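J.: Pasting a structure here, questions to come.
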Amino acid sequence: MAKWTEMQVFVESVRQGSFSAAGRQLDLSPSAVSKLLTRLETRLGVRLLNRTTRMLSLTEGGQIYFNHCVDILAEIGDVEDALTGLVQEPAGTLRINSTHGFAKHQLLPIMPMFQARYPKIKLEFQLSGQAVDLIAEGVDLAIRLGELKDTSLVARKLGESERLVCASPHYIDSKGIPQKPSDLLEHNCLRLSTNEIFNHWQFTSHQSGETKVETFNVTGSFVTDNVDGLHEYALLGGGIARLSSFMINKDIEAGRLIPLLTNYGIPQQKINAVYPHRKHLSAKVRVFLDYLTEQFAAKPPWS
Numbered sequence: 001m002a003k004w005t006e007m008q009v010f011v012e013s014v015r016q017g018s019f020s021a022a023g024r025q026l027d028l029s030p031s032a033v034s035k036l037l038t039r040l041e042t043r044l045g046v047r048l049l050n051r052t053t054r055m056l057s058l059t060e061g062g063q064i065y066f067n068h069c070v071d072i073l074a075e076i077g078d079v080e081d082a083l084t085g086l087v088q089e090p091a092g093t094l095r096i097n098s099t100h101g102f103a104k105h106q107l108l109p110i111m112p113m114f115q116a117r118y119p120k121i122k123l124e125f126q127l128s129g130q131a132v133d134l135i136a137e138g139v140d141l142a143i144r145l146g147e148l149k150d151t152s153l154v155a156r157k158l159g160e161s162e163r164l165v166c167a168s169p170h171y172i173d174s175k176g177i178p179q180k181p182s183d184l185l186e187h188n189c190l191r192l193s194t195n196e197i198f199n200h201w202q203f204t205s206h207q208s209g210e211t212k213v214e215t216f217n218v219t220g221s222f223v224t225d226n227v228d229g230l231h232e233y234a235l236l237g238g239g240i241a242r243l244s245s246f247m248i249n250k251d252i253e254a255g256r257l258i259p260l261l262t263n264y265g266i267p268q269q270k271i272n273a274v275y276p277h278r279k280h281l282s283a284k285v286r287v288f289l290d291y292l293t294e295q296f297a298a299k300p301p302w303s
């Protein structure tokens, strides 16, 4: 039991980045966390963590031990889920990683109903938008947009979302409407600083029986690290944006944004719920996946 507790405390301290944050997750005081880790290092005879007043960092030995602990704790979790998942009410903390935009417009609005259905599940959202290592970060499930690159993950498709080039009526009145994709080079296109590929806008057209694909690295005088910032600035008339339909369908219906270049094809964006390969799927993840499928897979609300 002592070794199990020490492993839990060590792994959570690394994931949270501080003793106090780990203590809040495990219902322990920071001093109790510190004592357990000191006892662990003494027993192993190896320093696992470098401690400063602001952060924790793994030593070389700590990284090796962390990787093994993550695997061991996951295996224990699998065994417990196999024994109790079918008979117990889904419970515990469910850690979810998602982009801020998808969470704001699609996930968060349906979470109160989910928690009313499963009141013993505590939701913890990570909305950095970064594709984190699910196992190392202790994430149960992630929402990934676009093509999946990590083949070690299991995916359940929730649907596809159109990408739409759009601008506000105010911008169109003052700057005009681009008639063809190359006209965008003369417009103020809103860019994302954290993902350069995001700023490469692809268009497909059919001419004389042939398919033509063009890609433009758009330019403009406004850059942000947050897609919601692009959305808000487009609404203010600041420029032309390319955004997912799950974010802007209501704005288009209300006339706040106008879709542009609609005669050209734009690649759709796949939306998947992904989770690590597991021998046994925990009850909390299983019911969450089923709930997302119920809400999105048949006919996504953004389609």
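Per my numbering, residue 1 is the first one in the sequence shown, and the count goes up by one each step.
C-beta: ideal position from N, C-alpha, C; glycine also.
Quantities reported herein were computed from a predicted structural model and do not represent experimental measurements.
Looking only at its own chain, which residues have a Cβ that is under 6 Å from the Cβ of Trp201, when we skip the five neighbours before and after it?
T.: Here residue 201 refers to the residue found at position 201 when the sequence shown is read from its first residue. Around Trp201: Phe216, Val218 and Arg242.
J.: Along the chain, which unbroken stretches of the alpha helix (DSSP H) at least 4 residues long are found entirely within the region 56-116?
T.: Correct list: 60-84.
J.: Does the beta-carbon of Ser161 have 16 or more other beta-carbons within 10 angstroms, so that it is buried, or is it exposed?
T.: Along the sequence shown, read from residue 1 onward, the residue named residue 161 stands at position 161. Buried: at least 16 other Cβ atoms inside 10 Å.
J.: Let me know if Pro112 comes out buried or exposed under the rule of 16 or more other beta-carbons within 10 Å of its beta-carbon.
T.: What you label residue 112 is simply residue 112 of the sequence shown in a count that begins at 1. So Pro112 counts as exposed.
J.: Can you round the beta-carbon distance between Asp140 and Tyr275 to whole angstroms, since I take them to be within the 8 Å contact cut?
T.: As a working note, residue 140 is residue 140 in the sequence shown. As a working note, residue 275 is residue 275 in the sequence shown. Correct: roughly 6 Å between the Cβ atoms.
J.: Once DSSP output is grouped into helix, strand and coil, what is the label at Ala283?
T.: Position 283 of the sequence shown, counted from the first residue, corresponds to residue 283. Three-state result, Ala283: helix.
J.: Reducing DSSP to helix, strand and coil, say where Gly23 ends up.
T.: Stepping through the sequence shown from its first residue, residue 23 is reached at position 23. DSSP places Gly23 in helix when its eight states are reduced to three.
J.: Pick out whichever of Gly45, Thr224, Pro267 and Val213 has its Cα sitting closest to the Cα of Gly239.
T.: Along the sequence shown, one-based indexing puts residue 239 at 239. It is Thr224.
J.: Using the three-state DSSP reduction, which class does Ser205 fall into: helix, strand or coil?
T.: In the sequence shown, the residue the question calls residue 205 occupies position 205. Strand at Ser205.
J.: Taking the alpha-carbon positions, what's the Leu86 to Arg156 distance?
T.: The count along the sequence shown starts at 1 and reaches residue 86 at position 86. The count along the sequence shown starts at 1 and reaches residue 156 at position 156. Low local confidence applies: a pLDDT of 49 at Leu86 is under 50, so the model's placement there is unreliable, with the coordinate-based value given in what follows. So the alpha carbons of these two residues sit roughly 21 Å apart.
J.: If you run the structure through DSSP and keep just helix, strand and coil, what is Leu153?
T.: Working through the sequence shown from its first residue, we reach residue 153 at position 153. If DSSP states are grouped into helix, strand and coil, Leu153 belongs with the strands.
J.: How would you label Lys307, buried or exposed, when you count the other beta carbons within 10 angstroms and need 16 or more for buried?
T.: Here the chain has residues from 1 to 303 only, and residue 307 is not among them.
J.: In three-state DSSP terms, what is Gly45?
T.: Within the sequence shown, the letter at position 45 stands for residue 45. The answer is coil: DSSP assigns Gly45 none of H, G, I, E or B.
J.: State the CB to CB distance for the pair Ser385 and Ala2, rounded to an integer number of angstroms; the pair is presumed to be in contact (CB under 8 Å).
T.: There is simply no residue 385 to check, as the chain begins at 1 and stops at 303 in what is shown.
J.: Indicate the three-state DSSP secondary structure (helix, strand or coil) for Lys270 in the structure shown.
T.: Start at 1 with the first residue of the sequence shown, and residue 270 comes out as number 270. In the structure shown, Lys270 sits in a strand (DSSP, three-state: E or B).
J.: What separation, rounded to the nearest whole angstrom, lies between the Cα atoms of Glu214 and Phe203?
T.: The sequence position of residue 214 within the sequence shown is 214, counting from 1. The sequence position of residue 203 within the sequence shown is 203, counting from 1. Each residue's Cα considered, the two are about 5 Å apart.
J.: Let's see if you can read the secondary structure: which residues bound the alpha helix (DSSP H) around Phe10?
T.: Walking along the sequence shown from the start, residue 10 turns up at place 10. Phe10 -> alpha helix (DSSP H) spans Ala2 to Gln16.
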